[in-house]
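Protein chains: 2
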Amino acid sequence: MKETASISFAHRMEGVPRSFIREILKVAISPEVISFAGGLPNKKLFPLEELQASAVKLMSGSDRNILQYANTEGYLPLREKIAERYAHKGLQINPQNILITNGSQQGLDLLGKIFINEGDALVMEEPGYLGAIQAFSIFHPRFVTVPLTDEGIDVDCFRQAIANENPCLAYLIPNFQNPSGISYTEERRKEVARISKGKPLFLVEDDPYGDIRFQGERKNSFYHYLPEQTILLGTFSKTVVPAFRMGWIVAPDAVMDRLIVAKQAADLHTDYFTQRLVYQYLSDYDIDWHIAQICEAYGRQAGAMMQAIEHYFPKEIQYTHPEGGMFLWLTLPEGRNAMELFDLAIKENVAFVPGNPFYIDKAEVNTCRLNFSCSDEMEIEEGIRRLSGVLATLG
Amino acid sequence: MKETASISFAHRMEGVPRSFIREILKVAISPEVISFAGGLPNKKLFPLEELQASAVKLMSGSDRNILQYANTEGYLPLREKIAERYAHKGLQINPQNILITNGSQQGLDLLGKIFINEGDALVMEEPGYLGAIQAFSIFHPRFVTVPLTDEGIDVDCFRQAIANENPCLAYLIPNFQNPSGISYTEERRKEVARISKGKPLFLVEDDPYGDIRFQGERKNSFYHYLPEQTILLGTFSKTVVPAFRMGWIVAPDAVMDRLIVAKQAADLHTDYFTQRLVYQYLSDYDIDWHIAQICEAYGRQAGAMMQAIEHYFPKEIQYTHPEGGMFLWLTLPEGRNAMELFDLAIKENVAFVPGNPFYIDKAEVNTCRLNFSCSDEMEIEEGIRRLSGVLATLG
Chain A
-7 MKETASISFA
3 HRMEGVPRSF
13 IREILKVAIS
23 PEVISFAGGL
33 PNKKLFPLEE
43 LQASAVKLMS
53 GSDRNILQYA
63 NTEGYLPLRE
73 KIAERYAHKG
83 LQINPQNILI
93 TNGSQQGLDL
103 LGKIFINEGD
113 ALVMEEPGYL
123 GAIQAFSIFH
133 PRFVTVPLTD
143 EGIDVDCFRQ
153 AIANENPCLA
163 YLIPNFQNPS
173 GISYTEERRK
183 EVARISKGKP
193 LFLVEDDPYG
203 DIRFQGERKN
213 SFYHYLPEQT
223 ILLGTFSKTV
233 VPAFRMGWIV
243 APDAVMDRLI
253 VAKQAADLHT
263 DYFTQRLVYQ
273 YLSDYDIDWH
283 IAQICEAYGR
293 QAGAMMQAIE
303 HYFPKEIQYT
313 HPEGGMFLWL
323 TLPEGRNAME
333 LFDLAIKENV
343 AFVPGNPFYI
353 DKAEVNTCRL
363 NFSCSDEMEI
373 EEGIRRLSGV
383 LATLG
Chain B
-7 MKETASISFA
3 HRMEGVPRSF
13 IREILKVAIS
23 PEVISFAGGL
33 PNKKLFPLEE
43 LQASAVKLMS
53 GSDRNILQYA
63 NTEGYLPLRE
73 KIAERYAHKG
83 LQINPQNILI
93 TNGSQQGLDL
103 LGKIFINEGD
113 ALVMEEPGYL
123 GAIQAFSIFH
133 PRFVTVPLTD
143 EGIDVDCFRQ
153 AIANENPCLA
163 YLIPNFQNPS
173 GISYTEERRK
183 EVARISKGKP
193 LFLVEDDPYG
203 DIRFQGERKN
213 SFYHYLPEQT
223 ILLGTFSKTV
233 VPAFRMGWIV
243 APDAVMDRLI
253 VAKQAADLHT
263 DYFTQRLVYQ
273 YLSDYDIDWH
283 IAQICEAYGR
293 QAGAMMQAIE
303 HYFPKEIQYT
313 HPEGGMFLWL
323 TLPEGRNAME
333 LFDLAIKENV
343 AFVPGNPFYI
353 DKAEVNTCRL
363 NFSCSDEMEI
373 EEGIRRLSGV
383 LATLG
């Protein structure tokens, strides 16, 4: 297609990072490569047969409205199911405060739209979720990064950030964070809520992995401690299937009002047929039984990865010990370059994501994200063994 | 849910119109009301059985990737099918220049994101499509409205707008426009392309109804005359079903690059399962046969509406003569108020949309949108008869 000479684009697209991971995945696509680079749920665990039965049942009824335009908020019985699931975790959520979105990613776009003026401060964990960095970047916030410790976000830095920078949002993943796999301790959650209380700030709690816990006890949501200032993001991508792009936001009334206007302008509503399909599946099958299968598999795979790291890697390499989710985080000795390790590793047919895209403003980092959801235990052991060889070369 | 005291929202949400039609539809929901207010395709014509068979076939295969995350651009074979359909209309489109979106509404959001800086001029037809006004409003453009005539956009005003206002986009619906039902003549299309050629401007041609032609000859797309400056928006909402939110944008390479970044940040990709389902349906069934059924039904209904108007309405009321699509536009005598007519009409159990939301800055208008896709011929005659009684009362 020919190009016109003088296209002028909006400023907002300047500086929005392209997906680095997308580029990485192109390299990692060869079948000889053992890839810890992806961020996909394991497709072997998708409930394909159950979804097929649900689709047949749904489409055998006489309700042709399953294929019609629908309301912006989402299918009410589905929102009621989501509220029920929160109730089992001790959170009282009114279904009217739930908006169905295209994955939780769209929640980030809508929140960026309704909250962020250019230059507004926004707290991000460091390292932080790449998709959130991308979504928010479009609205040109001032990112205020707060480091993660093994117990969650660094409390002193968080307190300072709130006091000095007046952020409108703090974007946090307290359970099995992407990319680090770290979970906030109960005390850390309380402390974050305590610091935030009464400030003109919302805690945006993104929780795509919360249900995928294979070890330890469930911790409380920020919503438990500070409901009036917490916005929850959720998704069926990791518990049912990702293809559906079925997620949701929970927000207070005044925020919901704006979110609905923004959602309507963005795409009217989320795929209504798929909303009905997910509802049918949740009605006819025991999703908790299904989630238990996922936890069992990912738990074994995470265990195999940690065991192999313990066995093969030199002691100076640190790694997180995830209790759930899909990722583990390596920290190489000071001064080592993760990109260099990646280039060597790919030659030995093993891939991971160098930490770079998870930082806002760092060119050289010594950290790496390893995914364990998509490889079996033998592949994991072999991949870590290969990586240990590369680490030895790197010196 | 309790509210926090001091929520401060982004400026961009100020002045974004709420859906007026949404409010109208709440009034029109009672079963005694004959409603010409909606904008829905007729659900009796949805290919439910065919889609069920397609879903069963799709899910009986062994490809579990139909439920996995997918690429941002969309399923390539589906984009190839869309390109094929353009080829039948004489337009050579590379599938790589097609991005799958959540209905064409999302195309508007993405175009607003990548093109509109605050205060940038944007040409809109007057009356114009409400959903586009909403989507673009978020990015605070300066709307430059150009009136529609029976032959399409007013050429002299369009030429002036381009010369004086330097717009980055002109948003146009040349076929069976929403709300007016007007189609641009071939000469008017050529003229618009001629005026735009070489200017730093894209024509955004939204064509949700183009295939639903029940009378007259197909006209050429702006893309035929000015491919390098035309962006096409398309959708399966009116030809297959709306619930799927399955649309697309066709754009030149440089624009596609930005659209992909914006789409990825917005929601990663459109529901991949539904993309595969639509592809399966298009592969196994003759969509042109199906579209012919829709055209036949809507054509009969539009005919019934025009005939009833001719028979019942006073001569001073003007109306458009749509050759396709779903809408017809009434113009009351000068000085009459469409909102007043609406209030009286609803008491007589007949509803329509007063023209107001289709103008950017007009409080009182004498125009009305009537939908004919969702009522049968008897309902249409009875609805128009009731409306004629109300018109007599209005004086």
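Chains as they are written, first to last, in the working numbering: chain A, -7 to 387; chain B, -7 to 387. All residues carry an ideal CB built from backbone N, CA and C; glycine is no exception.
Item: Proximity below 8 Å, CB of Ile223/A to CB of Phe1/B; Value: no
Item: Given 8 Å, three or more beta-carbon pairs between the stretch 176 to 191 of chain B and the stretch 149 to 162 of chain B; Value: yes
Item: Integer-rounded CB distance, given that Lys211/B should sit under 8 Å from Glu178/B; Value: 5 Å
Item: Rounded straight-line distance, which links the Cα of Ala257/B to that of Lys73/B; Value: 26 Å
Item: Short-range partners of chain B found in the stretch 82 to 111 of chain A, where Cβ spacing is below 7 Å; Value: Asn86, Asn89, Asn94, Gly95, Gln97, Gln98, Asp101, Lys105, Ile106, Phe107, Ile108, Asn109
Item: Range covered by the beta strand (DSSP E) that runs through Val8/A; Value: Where Val8/A is concerned, there is no enclosing beta strand (DSSP E), given that its DSSP letter is neither H nor E.
Item: Leu324/A vs Asn358/A beta-carbon contact at 8 Å; Value: yes
Item: Within-8 Å CB hit, Cys366/B to chain A; Value: no
Item: Opposing strand residues paired with Pro166/B [DSSP bridges]; Value: Partner(s): none; Pro166/B has no beta bridge.
Item: Cβ of Asn348/B within 8 Å of any chain A Cβ; Value: no
Item: Burial state of Asn86/B, where buried means 16 or more other Cβ atoms lie within 10 Å; Value: exposed
Item: Any chain B beta carbon closer than 8 Å to Leu32/A; Value: yes
Item: Simplified DSSP assignment, three categories, for Val270/B; Value: helix
Item: From Gly123/B, Gly7/B, Asp280/B, residue whose alpha carbon lies closest to that of Tyr391/B; Value: No information on residue 391/B is available, as it lies outside the stretch -7 to 387 that chain B covers here.
Item: Within-8 Å CB hit, Pro119/A to chain B; Value: no
Item: Helix, strand or coil at Ser27/A [DSSP, three-state]; Value: strand
Item: CB contact below 8 Å: Gln392/B versus chain A; Value: With chain B running from -7 to 387 in the structure shown, residue 392/B is simply not present.
Item: Boundaries of the beta strand (DSSP E) in which Glu197/A is found, first to last residue; Value: 194 to 198
Item: N- and C-terminal bounds of the alpha helix (DSSP H) containing Thr177/B; Value: Taken as a continuous stretch (DSSP letters only), Thr177/B belongs to no alpha helix (DSSP H), as it is neither H nor E.
Item: Per-residue DSSP class, three states only, for Tyr215/A; Value: helix
Item: Cutoff 8 Å: Thr227/B Cβ touching any chain A Cβ; Value: no
Item: Test: Ser0/A CB closer than 8 Å to a CB of chain B; Value: yes
Item: Continuous alpha helix (DSSP H) stretch holding Ile338/B: start and end; Value: 330 to 339
Item: is_contact[Met5/A, chain B] using C-beta, thresh 8 Å; Value: yes
Item: Cβ contact (3+ pairs, closer than 8 Å) linking the stretch 259 to 273 of chain B and the stretch 89 to 98 of chain A; Value: yes
Item: Chain-ordered chain A contacts of Lys35/B [CB-CB under 9 Å]; Value: Arg56, Asn57, Leu59, Gln60
Item: CB contact below 8 Å: Gln169/B versus chain A; Value: no
Item: Interface flag, Leu40/A vs chain B, CB-CB below 8 Å; Value: yes
Item: Member of Glu143/B, Phe131/B, Val147/B whose CA lies at the smallest distance from the CA of Thr137/B; Value: Val147/B
Item: Residues bridged to Tyr311/A (per DSSP); Value: Leu322/A
Item: Cβ-heavy atom distance, Asp198/A to the ligand ATP, below 7 Å; Value: The model depicted lacks the ligand ATP and carries no ligand whatsoever.
Item: Delimiting residues of the beta strand (DSSP E) encompassing Asn94/A; Value: 90 to 94
Item: Contact belief for Asp112/A with Cys160/A at Cβ below 8 Å, rounded distance in angstroms; Value: 5 Å
Item: Cβ of Gln260/B within 8 Å of any chain A Cβ; Value: Just to set this straight, residue 260/B is Leu in the shown sequence, not Gln. Yes, Leu260/B counts as interfacial toward chain A.
Item: Nearest-angstrom Cβ-Cβ length linking Arg361/B and Val345/B, presumed shorter than 8 Å; Value: 4 Å
Item: Pair within 8 Å by beta-carbon distance, Ala296/B and Glu369/B; Value: yes
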